[in-house]
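Structure first, then comments.
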Amino acid sequence: MKVAGLFLSAIAFGAATAAALPAGTSATNSGLPEGYKVVDFTWSGNVTTNGPEMSFTGSSFHDIDAQILKANPDFVWPDVSTANSTSDMMKKKAWITCDPNNVRHAKSYRIREGIDYLRGKSGQCHMQAGPGVCSRISCSYDSGIFWCNDNKHDVTTDCSDWANYAQDILDKCETNDGQIRGQEFSSENWNILIGRGNC
C-alpha cells in the first residue's frame, strides 16, 4: 500500500508540475524566460548559383544546414566579414539587459563558438507570430542563442543580424568567470537571447 501511495503521489506531482508550465512549453525549455516557448523558424535563400529561392524550416540552424546540404551537397555559405554591421542594423538596435528574467548563465566560450557559427549565415529568416515565441538558432553544451518574437504578427529579418546582436551581448554581459546571459532588443520588437539551454 505504501508503494502504491508513493506511486500515486509521484503521478500527482508530475501532473501538477506540467499544469504549472505555460501553454505550449515544456520542462526542457529551461533556457527561456517564463511564459516563452520554442518554435521552428524558416530560412529562405539561394542554395544554387542562379537557382530559385528555396525555403527550409527547422528547429535550429543546424537543422537548416542539413536540409540545404541535402538539396545541394556543394553548398558553401558566403564569406562574410566579421564586421558586418550596417547602418540599418544599428538603427534597429534598442537596448540590452544582462539580467533577463528566469534565464541561467551559459558558458561564454561556447556562446563565442555559436556566434562564429552563425556569422556569415545570410538569407531571410522568418518566425511565426508571438508574443512569447523563440527559435533556438544555435545551442551546444547547454549554451544557447535564441531568436524571440514578442509581436502579435510574424517577423522576417536578415539572418546575418543575429551574430552581431549576440556579439553585443557577449561584449557587454560576459562575467569575469566566463559566464554569460543577456538579451538585446530590436526596435521591431524581436530580440536575441543568450542563456543556458537544454542541448
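For the sequence shown, position 148 (counting from the first letter as 1) is numbered 697 according to the working numbering, and the numbering increases by one without interruption. Even glycine gets a Cβ: it sits at the ideal position worked out from N, Cα and C. Predicted model, so just to flag it, every value in this text is computed and none were measured.
Nearest-angstrom Cα distance between I686 and A615? Taking the sequence shown and counting its residues from 1, the one referred to as residue 686 is at position 137. Taking the sequence shown and counting its residues from 1, the one referred to as residue 615 is at position 66. C-alpha separation (whole angstroms): 14 Å.
Note down, in chain order, each residue of its chain lying with its Cβ closer than 6 Å to the Cβ of S736, except the 5 sequence neighbours on either side. For this step, residue 736 is matched to residue 187 along the sequence shown. Closer than 6 Å at the Cβ level, and outside the excluded window around S736, lie K641, A643.
Can at least three beta-carbon pairs, one atom from the segment 590 to 598 and one from the segment 656 to 664, be found at a separation below 8 Å? The answer is no - the segment 656 to 664 does not touch the segment 590 to 598, with fewer than three Cβ pairs under 8 Å.
Should Y714 go down as buried or exposed, given a rule of 16 or more other Cβ atoms within 10 Å for buried? Sequence index remark: in the sequence shown, residue 714 carries index 165 (1-based). Of the other Cβ atoms in all chains shown, 16 or more fall within 10 Å of the Cβ of Y714; this residue is therefore buried.
Is the distance from the Cβ of R745 to the Cβ of A655 below 7 Å? One-based indexing of the sequence shown puts residue 745 at position 196. One-based indexing of the sequence shown puts residue 655 at position 106. Less than 7 Å separates the beta-carbon of R745 from that of A655.
Tell me the residue span of the beta strand (DSSP E) that contains L742. For the purposes of this step, residue 742 is identified with residue 193 of the sequence shown, where counting begins at 1. Counted as a single uninterrupted DSSP element, the beta strand (DSSP E) harbouring L742 occupies residues 739 to 745.
Is it true that the segment 671 to 683 meets the segment 581 to 588, where meeting means three or more beta-carbon pairs spaced less than 8 Å apart? Result yes; three or more Cβ-Cβ pairs closer than 8 Å.
For S608, which option in L719, N725, M676, W739 has the closest C-alpha, if you only look at C-alpha atoms? As a position in the sequence shown, residue 608 is number 59, starting the count at 1. Measuring from the Cα of S608, the nearest candidate turns out to be M676.
4-residue-minimum alpha helix (DSSP H) runs that sit fully inside the segment 663 to 705, ordered along the chain: The segment 663 to 705 contains no complete alpha helix (DSSP H) run of 4 or more residues.
Return helix, strand or coil for N713, following the three-state DSSP convention. Translated into the one-based positions of the sequence shown, residue 713 becomes position 164. The three-state reading of DSSP puts N713 in helix, counting H, G and I together.
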